[in-house]
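Participant:
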Amino acid sequence: METLNAVDATETAKALIRDLKEEHGNLIFHQSGGCCDGSSPMCLKEGTMMIGAADVKLGEVEGVPFYMHHRQYEYWKHTRLTLDVVEGIGGMFSVEGPRGVRFHIRSEPIK
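Here it is as structure tokens:
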């Protein structure tokens, strides 16, 4: 699977990822397609979600792989994604939820 260099993160997001890795071990990110969690990136314990041939690996943040379904990637491929953290309740399966924060994606067109 080819890895793109299409995702970055704020220092706040990187610090949270480091804390979550200490607490939960290996993690993955999957950018939700909008069905259940809007379009929130989900941070999951490795092995709790099957990554398949239809998923695109956009890169890694703090050693954590970040995936998106290839159909959704077709809509986002012209943008640069930045992973950030905001206050609020995230997806029910995303490991940062109990902390009262959630991961959030900011996007801007690639120039």
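With my numbering applied, the sequence shown corresponds to residues 119 to 229, in that order. Note that the Cβ used here is the ideal one computed from N, Cα and C, for glycine as well.
Quick check on Ala127: does DSSP put it in helix, strand or coil?
Facilitator: Strand.
Participant: How is Glu214 classed by DSSP in three states: helix, strand or coil?
Facilitator: DSSP places Glu214 in coil when its eight states are reduced to three.
Participant: I'd like the span of the beta strand (DSSP E) that includes His148, first residue to last.
Facilitator: Per DSSP, His148 belongs to the beta strand (DSSP E) from 145-149.
Participant: Looking only at its chain, what residues have a beta carbon closer than 6 Å to the beta carbon of Thr142, apart from the 5 residues adjacent to it on each side?
Facilitator: The sequence as given places His at residue 142; Thr does not occur at that position. Cβ neighbours of His142 beyond the five flanking positions: Lys163, Val213.
Participant: Buried or exposed for Tyr193, please, with buried defined as at least 16 other CB atoms from any protein chain shown within 10 angstroms of its CB.
Facilitator: Per the 10 Å Cβ criterion, exposed.
Participant: Rounded to the nearest angstrom, what separates Arg198 and Leu176 at their Cα positions?
Facilitator: Whole-angstrom Cα-Cα distance: 10 Å.
Participant: Quick one: what does DSSP say Leu162 is sitting in, helix, strand or coil?
Facilitator: Three-state result, Leu162: strand.
Participant: Taking just the CA atoms, how far does His188 sit from Ala171?
Facilitator: The straight-line gap from Cα to Cα measures roughly 9 Å.
Participant: Among residues of its own chain, excluding the 5 on either side of His196, which ones have a beta-carbon nearer than 8 Å to its beta-carbon?
Facilitator: Once the five neighbours on either side are set aside, the close Cβ partners of His196 are Pro227, Ile228.
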